[in-house]
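Under our numbering, think of the first position of the sequence shown as -9, with each following residue one higher.
Glycine residues also receive a C-beta, built at the ideal position from the N, C-alpha and C atoms.
Keep in mind the model is a prediction, meaning the values are calculated, not measured.
Please read the structure below before turning to the comments.
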Amino acid sequence: MKKIKTFKFEVSNASSSPFSEEDKKKDWYIEGEKKIASPEKIDEIINEYLKEEERASSAVLDSITVTPIDVLFHNNARGNTVVLQYTVIMRNV
């Protein structure tokens, strides 16, 4: 039997490319930065899930795929909000 789990991580938004150093002091920039998942955080979350699944059900990783999704378009595209959707498929051994 296979089990599917999806994770969504925001990896880019308007705060990813501020227009000026002054922008970095504004609320929209500070709030936007809080939403972005670092590669290290993504690894940590997925690895923890894999460990828990292996421990709880003796399942092993069958496959993992990543799909980028543009969820919000900015007027000049430099600040589009991009989400990476990770699809993890586990299978019982």
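Between residue i and the rest of its own chain, which residues show a CB-CB distance below 8 Å, the 5 nearest in sequence each way excluded?
i: T55; result: Y76 and T77
i: S48; result: N82 and V83
Below 7 Å CB to CB, which residues in the same chain sit around residue i once its five sequence neighbours on both sides are set aside?
i: K40; result: For the record, residue 40 in the displayed sequence is Leu; it is not Lys. Closer than 7 Å at Cβ, skipping near neighbours: L51.
i: A27; result: F(-1), E0 and V1
i: I35; result: F(-3)
i: N3; result: G22, K25, I26, G69 and T71
Which residue comes first and which comes last in the beta strand (DSSP E) that contains residue i?
i: S53; result: A49 to L62
i: I79; result: T71 to N82
State the DSSP-derived secondary structure class of residue i, mapped to helix, strand or coil.
i: E0; result: strand
i: I32; result: helix
For the alpha helix (DSSP H) containing residue i, list its first residue and its last residue.
i: I20; result: D17 to K25
Report back the beta-carbon spacing between residue i and residue j to the nearest angstrom; my notes put them in contact at under 8 Å.
i: V73; j: K(-2); result: 5 Å
Leaving aside the five residues before and after residue i along the sequence, list all residues of the same chain whose C-beta is less than 6 Å from its C-beta, in chain order.
i: I79; result: K(-8), I(-6), D52 and S53
i: N70; result: D60, F63 and H64
i: E43; result: A49 and M80
Can you check DSSP and say which residues form a bridge with residue i?
i: K14; result: Looking at the DSSP assignment, K14 forms no beta bridge with any residue, so it has no partner.
i: K(-7); result: M80
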